[in-house]
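In this note's numbering, the protein residues as written are 6 to 551.
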C-alpha cells in the first residue's frame with residue numbers, strides 16, 4: 006500500500022475538514038450551491054488548482070455544472086451566475102462507449118482514474134485540454150477523476166480535479182493516494198447529498214404539480230370561475246413581497262423566508278379546494294330560476310300557454326256569437342285581448358329582468374312579483390289549473406340580490422369548511438404546516454363577522470389576511486362571473502376601500518396594496534384594457550396616500 010502523503014497533523018486536519026464538509030452538504034438546500042461546495046471543498050482538501058464537476062443527464066451526456074481554475078481566476082457555473090458555455094460531453098458515440106475521454110470513461114467504468122501527467126498518458130484523448138492550455142498558457146498535468154455514485158451504485162456525476170499543488174514547493178505534483186481516498190470519500194458523501202436533494206426537489210415539484218392540478222380541476226369545473234385558483238396566488242405573491250418590505254404596523258415584523266413565501270403560495274393555490282364538493286348547479290347558477298334544470302324556460306312555456314288559452318278563449322267566444330249562441334263585440338273583444346297581452350308582455354319582461362339578480366328586490370317589486378304569480382293561471386294536460394309560479398320559483402325570484410338563496414349561499418360558503426378539513430387531514434411537512442390555516446381563513450374578516458369560525462384580526466396569520474384580499478380583488482375584477490359585469494379598477498378599489506373601513510380586510514395590507522400599486526401590477530397582465538381606468542386616489546375610501 007502506498008504511504009499516505011503529508012504529516013499526520015495535516016491528514017487529521019483534512020479528515021476534520023472532510024467531516025465538516027459532509028455535515029454542510031447534508032443540510033444544503035440550494036442545489037447549485039451544493040455542487041459548488043463539493044468542488045470547492047474537494048479542491049481545498051486535495052490542494053488542486055482547478056476542477057470541474059459534471060452531472061450525468063438523461064440524455065447520456067455529461068453536463069458542466071461548475072468550473073474553477075484558481076491560477077487563471079476562472080469561476081463559472083454554480084452560484085456565480087457566469088454561464089459555462091461548453092457543450093455537453095456524450096457518453097456514447099454512435100452507440101459506442103466514449104472511453105477515450107477521461108470523464109466519460111470514469112462514468113462508464115464506475116472507477117476513479119488518477120493520471121499523474123496528462124502529457125505522458127496513453128489511451129486517453131486530451132486534445133481539448135491541450136487546446137485550452139495553448140490558448141491560455143496553462144499547463145494541465147495531473148488529473149484525478151472520481152465518479153459520484155448514489156445508493157443504487159448508479160453514477161450520477163463526476164468530480165474531476167486538476168493539478169495538485171505541493172504545499173511547500175508550490176509545484177504541480179501527482180495526486181497521492183491520500184488525496185484520492187479523501188476525494189472518493191467526499192464524492193460518496195456528495196452523491197448522497199445530491200441524491201437526497203434531487204429527491205426532495207422532485208417530491209416538491211410533484212406535490213406542487215398535484216396541487217395545481219387540483220386547482221385547475223376546480224377552475225375547469227365552472228366556466229364562470231375559470232382561472233380563479235390560478236390568479237389568486239399571483240395577487241397573494243405580489244402582496245406578500247410588498248408586505249415583506251413594509252414597516253407599517255404588524256408588517257414591520259413580517260419577514261418571511263423563501264420557504265414561508267412558498268407556503269403562502271401553496272395556500273393560495275389550495276384556498277378553494279373544498280369546492281370539489283360544491284354542486285355545479287349552485288356554483289354555475291346564472292339566474293334566480295336556474296336549478297339542476299333551468300326553470301326559466303318552464304316559466305316562459307307556461308306564459309305561452311296562458312297566451313294561447315286567451316286566444317283560444319276569444320276564438321270560442323267569436324265562434325259562438327257567429328253561430329248565434331252568444332254575443333260578440335268584435336272591437337271591444339280585440340281591444341281587451343290586446344290590453345291583456347300587452348300587460349302579459351310587461352310582466353314577462355319584469356320576470357326576465359329580476360331573474361338576472363342584478364337589481365335589488367324592493368318591497369314594491371316583491372309585491373308585483375307576488376301579484377304576477379297569482380294573476381296568471383295555466384291548464385295542464387289533465388285539465389288541472391296551476392298558478393304561473395310555483396312556491397319554490399316565487400321564493401327564488403324573491404332573492405334580494407344576486408341569484409343564490411340563503412340555503413344555496415350556505416352551500417357555497419361551506420366550501421371553506423371542507424377546504425380546512427381536507428388540508429388539515431394532510432401530513433404537511435413542517436415548512437408547510439400553516440397552509441390549512443391560511444387557505445381555510447380567506448373568508449374571515451378583521452372584525453369577526455366572517456366565516457366559518459368568526460375569527461378576528463389578531464387570530465389570523467398575516468398569510469391568511471393576504472389570502473382574503475387576494476381572493477376578494479380577483480373576484481371583483483373577474484370578467485367571467487354570471488351574476489355581475491366585470492368591474493373597473495376604480496370600482497373594485499372603492500369596494501375594497503369600503504371593506505377596509507368596515508373592518509372586513511386588513512388595514513395595513515390594504516395600505517401596502519394601494520401604496521405599492523399591486524392592483525396595477527396585476528391589472529396590466531390579467532385585466533382587459535377597458536377595465537383599467539383612471540383612479541383618483543383621493544376617492545378611494547379608507548386610503549390616505551403616503
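Backbone N, C-alpha and C define an ideal beta-carbon position, used for all residues, glycine too.
Note that this is a predicted model, so its numbers are computed, not measured.
Pair within 7 Å by beta-carbon distance, residue 162 and residue 87: no
Here's a check: name, in chain order, each residue in its chain whose Cβ is nearer than 8 Å to the Cβ of residue 65, leaving out the five neighbours to either side. 95, 96, 97
Can you look up residue 549 in the DSSP assignment and give me helix, strand or coil? coil
Keeping to the same chain, check which residues put their C-beta closer than 6 Å to that of residue 456; ignore five residues upstream and five downstream. 418, 448
Are three or more beta carbon pairs between the segment 464 to 481 and the segment 495 to 506 nearer than 8 Å? yes
For residue 451 and residue 207, what's the separation of their Cα atoms in angstroms? 38 Å
Skipping 5 residues on each side, what residues in its chain have a beta carbon closer than 8 Å to that of residue 221? 234, 235
Cα-Cα, which of 353, 388, 157 is closest to residue 373? 353
What residue range is occupied by the uninterrupted alpha helix (DSSP H) comprising residue 378? 368 to 380
With DSSP collapsed to three states, give me the class of residue 461. strand
Using DSSP's beta-bridge definition, name the partner residues of residue 391. 383
Kindly indicate which three-state DSSP category residue 362 falls into: helix, strand or coil? coil
So, are the CB atoms of residue 510 and residue 473 less than 7 Å apart? yes
Return helix, strand or coil for residue 119, following the three-state DSSP convention. strand
Between the alpha carbons of residue 8 and residue 184, how many angstroms are there, rounded? Because residue 8 sits at a pLDDT of 40, beneath the cut-off of 50, its placement in the model cannot be relied upon, and the point is left open.
Which partner residues of residue 73 appear in the DSSP bridge assignment? 56, 80
DSSP puts residue 154 in a beta bridge; with which residues? 160
Considering only residues of the same chain and omitting the five flanking positions on each side of residue 170, which have a CB-CB separation below 8 Å? 52, 53, 54, 176, 177, 178
Give me whichever residues DSSP pairs with residue 148 in a beta bridge. 120, 167
Can you look up residue 524 in the DSSP assignment and give me helix, strand or coil? helix
Roughly how far, in whole angstroms, is the beta-carbon of residue 134 from the beta-carbon of residue 145, given that I think they are within contact range, below 8 Å? 5 Å
Under three-state DSSP, which class holds residue 175? coil
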